[in-house]
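J.: Mind having a look at this structure? Questions to follow.
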Amino acid sequence: MKLGGIEAGGTKFVLAIGDEYGGIFEKTVIPTEHPEITVPKVIAFFEGKGIERLGLGGFGPIDINQNSKSYGQIQNTPKTDWVGYPLGAALKDSLGVEVVIDTDVNVAAMSEAKWGNAKDVDSCLYITVGTGIGAGAYFHGQTLKGLSHPEMGHIKVARHPDDTYKGTCPYHYDCLEGIAAGPSLEKRWGKKGHELAENDKVWEMEAFYLAQALTNYIYILSPERIIMGGGVMKQQQLFPLVRHKVLEMLNEYVSSPHLTEAEIDQYIVPPGLTDEAGIKGALYLAAT
Ligand code: ADP
Ligand code: ZN
1 MKLGGIEAGG TKFVLAIGDE YGGIFEKTVI PTEHPEITVP KVIAFFEGKG
51 IERLGLGGFG PIDINQNSKS YGQIQNTPKT DWVGYPLGAA LKDSLGVEVV
101 IDTDVNVAAM SEAKWGNAKD VDSCLYITVG TGIGAGAYFH GQTLKGLSHP
151 EMGHIKVARH PDDTYKGTCP YHYDCLEGIA AGPSLEKRWG KKGHELAEND
201 KVWEMEAFYL AQALTNYIYI LSPERIIMGG GVMKQQQLFP LVRHKVLEML
251 NEYVSSPHLT EAEIDQYIVP PGLTDEAGIK GALYLAAT
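Per full-length UniProt numbering, the sequence shown starts with residue 1, numbered consecutively.
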């Protein structure tokens, strides 16, 4: 089937034509600006290409309830230009195709389960640590949804004893996203994430926060694999630090061979699809 896919992020939109098997025939990236600028560019890319359906993996909060009148509408995001924007309806009306909507992280979890680093298991969690923090889950063929979609980036975590930074989240200040996403690293330490690579204290504190979150997700969801992506995770040294702290925090409470020194390297892993997890997931979603 010829499908359209959109990975709608806070800084960029990735647009692709492809199929439900992970094939990508054409792809482009445009910046996320005001919807009146970005959406016409999205429509122009897909128009006349003969797509049968469109999948959208969007930044949240976004209404993903198919029975809701505001399905596909952006909700209370810090990206204020987009609050209330009916993204799903605008695309459906202009392109005349069915638009299927889920979160960017849910579709990334789905495509990692299909083709990436979780294809050998039945459940996984995908967490992105970038401009924001969000996580999606794919369990036994379904992404995790309920009242709305999970908001795993906004949980509370215990403060590192050396951290006095107040946090960037406009809703909660020092939730996980508020103290551990890329912008908070930059504000706390006064440098961009990639310029902090040599500062061990930065990554020890970052791992302390991320490991608490992962430990909570393991207790609540019990995923068979955890995939960590997003710009901040480009700091590869975070992986061993996070794995070590997760084991320390669990303190052998959850009995699983995967939660041991011997196997944790295969349990908490980077994305297998590198930067294409989101867009391939959006294409797969279009066919569902
Ligand atoms: P988005 O979340 O908008 O999809 P990214 O996942 O690329 O985009 O995240 C961007 C954030 O990640 C920025 O805050 C940036 O400072 C941070 N970041 C990007 N690259 C690196 C890096 N190599 N090391 C540390 N932080 C990085
Ligand atoms: Zn928050």
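We treat Cβ as the ideally placed atom computed from N, Cα and C, and that holds for glycine.
(1) Between Val-232 and the ligand ADP, is the CB less than 8 Å from at least one heavy atom?
(2) Where do the ends of the alpha helix (DSSP H) carrying Lys-201 lie?
(3) Three-state secondary structure (DSSP) at Glu-7?
(4) Can you check which of these residues, Gly-153, Val-202, Ile-6 and Leu-56, is closest to Gln-212 by C-alpha distance?
(5) Count the other CB atoms, across all protein chains shown, that sit within 10 Å of the CB of Tyr-123; report buried if there are 16 or more and exposed otherwise.
(6) Among Ser-70, Ile-51, Gly-10 and Val-29, whose alpha-carbon lies nearest the alpha-carbon of Gly-60?
(7) Given that a residue counts as buried once 16 or more other Cβ atoms are within 10 Å of its Cβ, and exposed if not, what is Ser-111?
(8) In this structure, how does DSSP classify Ser-123 when only helix, strand and coil are distinguished?
(9) Can you tell me whether DSSP reads Gly-281 as helix, strand or coil?
(10) Could you tell me whether the Cβ atoms of Ala-16 and Leu-283 are closer together than 9 Å?
(11) Tell me, which residues are paired with Tyr-21 by DSSP?
(12) Mark His-140 as exposed unless 16 or more other C-beta atoms lie within 10 angstroms of its C-beta, in which case mark it buried.
(13) List the DSSP bridge partners of Met-228.
(14) Would you give the residue range spanned by the alpha helix (DSSP H) that residue 346 belongs to?
(15) Rounded C-beta distance between Gly-231 and Gly-278? I'm assuming under 8 Å.
T.: On the basis of the coordinates in this document:
(1) By 1-based counting over the sequence shown, the position of residue 232 is 232. For the ligand ADP, at least one heavy atom lies less than 8 Å from the Cβ of Val-232.
(2) Mapped onto the sequence shown, residue 201 falls at position 201. It spans 200-221 - the alpha helix (DSSP H) in which Lys-201 sits, taken as one unbroken run.
(3) Locating residue 7 in the sequence shown gives position 7, where the first residue counts as 1. DSSP, read as helix, strand or coil, puts Glu-7 in strand.
(4) Against the sequence shown, residue 212 aligns to sequence position 212. Residue Gly-153 is the option with its Cα nearest to Gln-212.
(5) Numbered from 1 along the sequence shown, position 123 holds the residue referred to as residue 123. Looking at the sequence shown, residue 123 is not Tyr but Ser. Buried is the call here.
(6) For the purposes of this step, residue 60 is taken as the residue at position 60 of the sequence shown. Residue Gly-10 is the option with its Cα nearest to Gly-60.
(7) For the purposes of this step, residue 111 is taken as residue 111 along the sequence shown, with counting starting at 1. With 16 or more Cβ atoms within 10 Å of its Cβ, Ser-111 is classed as buried.
(8) The sequence position of residue 123 within the sequence shown is 123, counting from 1. Note: Ser-123 maps to strand in three-state DSSP.
(9) The sequence position of residue 281 within the sequence shown is 281, counting from 1. Helix at Gly-281.
(10) Translated into the one-based positions of the sequence shown, residue 16 becomes position 16. Translated into the one-based positions of the sequence shown, residue 283 becomes position 283. The beta carbons of Ala-16 and Leu-283 sit closer together than 9 Å.
(11) Within the sequence shown, numbered from 1, the residue matching residue 21 stands at position 21. For Tyr-21, which the question treats as bridged, DSSP gives no partner whatsoever.
(12) Taking the first residue of the sequence shown as position 1, residue 140 is located at position 140. Burial call: exposed.
(13) Locating residue 228 in the sequence shown gives position 228, counting from the first residue. Answer is Ile-127.
(14) Nothing in the structure corresponds to residue 346, since the chain is present only between 1 and 288.
(15) Here residue 231 corresponds to residue number 231 of the sequence shown, with the count starting at 1. Here residue 278 corresponds to residue number 278 of the sequence shown, with the count starting at 1. Rounded, the Cβ-Cβ distance is 13 Å, inconsistent with contact.
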